[in-house]
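Trainee:
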Amino acid sequence: MREVTYRELAAGEEAPMELLLLADPSEKLVRKYLDEGQCIIAELDNELIGEFVLLPRADHTLEIINVAVREQWQGQGYGKQLVKQAILMAKQRNMKCIEIGTGNSSLNQLRLYQRCGFEVYTVIRNFFVDHYEEEIIEDGIPCKHMIRLRMQLEEE
């Protein structure tokens, strides 16, 4: 696997909305957390292959809000690389915890995050029903609830 380079979205640079909307179909919500967070671009030979957004939370916690890999690069381990890079960045910032949320129907993402060391800590019932205008269905499963996962980065 070739080496991925990471950089922060530059001031004034257009956010990769087509990628961001792969991970979150609500453009309104995506624009809101882009204003509050830091969008990290993943590139291979200067070609955009993926992105993730980091959002600081209370108590030395960093949240991964959005992780997406372009379709032609999916299934090759790049999603895992992006998550691992987000964890590394949280450690470099001396965060105590990193969190991520995904839908109950996002089976591949749930598997990926747990394989990266995240553990489920809560479920927000009806999150997607309450916050999204259109119903989301993945692999024939209605996406209703947000599964929240976290990883402790240092011993409490």
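Under this note's numbering, think of the first position of the sequence shown as 3, with each following residue one higher. For each residue, glycine too, the CB sits at the ideal point set by N, CA and C.
Report the three-state DSSP secondary structure of E158 (helix, strand or coil).
Mentor: For E158, the predicted structure reports a pLDDT of 48, less than 50, and the residue's modelled location is therefore unreliable. The matter cannot be settled from this model.
Trainee: Terminal residues of the continuous beta strand (DSSP E) containing L46?
Mentor: L46 -> beta strand (DSSP E) spans Q40 to L46.
Trainee: Does N96 come out as helix, strand or coil in the three-state DSSP assignment?
Mentor: Coil.
Trainee: Considering only residues of the same chain and omitting the five flanking positions on each side of K86, which have a CB-CB separation below 8 Å?
Mentor: Here the set comprises C118.
Trainee: Measuring only from the beta carbon, is L56 closer than 7 Å to any heavy atom that is part of the ligand SAH?
Mentor: Ligands displayed in this structure: none; no statement on the ligand SAH is therefore possible.
Trainee: Could you give the distance in angstroms between the alpha-carbon of A44 and the alpha-carbon of V71?
Mentor: If I take the Cα positions, the gap works out to 9 Å.
Trainee: With respect to the beta strand (DSSP E) encompassing Y123, which residues constitute its N-terminal and C-terminal limits?
Mentor: Residues E121 to I126.
Trainee: According to DSSP, simplified to helix, strand and coil, what is N110?
Mentor: Helix, per DSSP.
Trainee: So, for E158: in the same chain, excluding its five sequence neighbours on each side, which residues have a beta-carbon less than 6 Å away from its beta-carbon?
Mentor: Any reading at E158 must be qualified, since the residue scores a pLDDT of 48, below 50, and its modelled position is unreliable; the value itself is stated next. There are no such residues.
Trainee: Within 10 Å of its beta-carbon, does T104 have 16 or more other beta-carbons around it, so buried, or fewer, so exposed?
Mentor: It is buried - the Cβ of T104 has at least 16 other Cβ atoms within 10 Å.
Trainee: Does the contact criterion of 3 or more C-beta pairs under 8 Å hold for the stretch 22 to 38 versus the stretch 134 to 144?
Mentor: Enough Cβ pairs lie closer than 8 Å, so yes.
Trainee: Roughly how many whole angstroms lie between the Cα atoms of E16 and V69?
Mentor: Spanning the two alpha carbons is a distance of roughly 17 Å.
Trainee: Can you tell me whether R4 is helix, strand or coil according to DSSP?
Mentor: Reduced to three states, the DSSP call for R4 is coil.
Trainee: Ordered along the chain, which non-local residues of its own chain (more than five positions away) have a Cβ less than 6 Å from that of R4?
Mentor: Correct list, in chain order: L46.
Trainee: Name the residue from D61, I51, L90 and G39 whose alpha carbon lies nearest to the alpha carbon of I67.
Mentor: It is G39.
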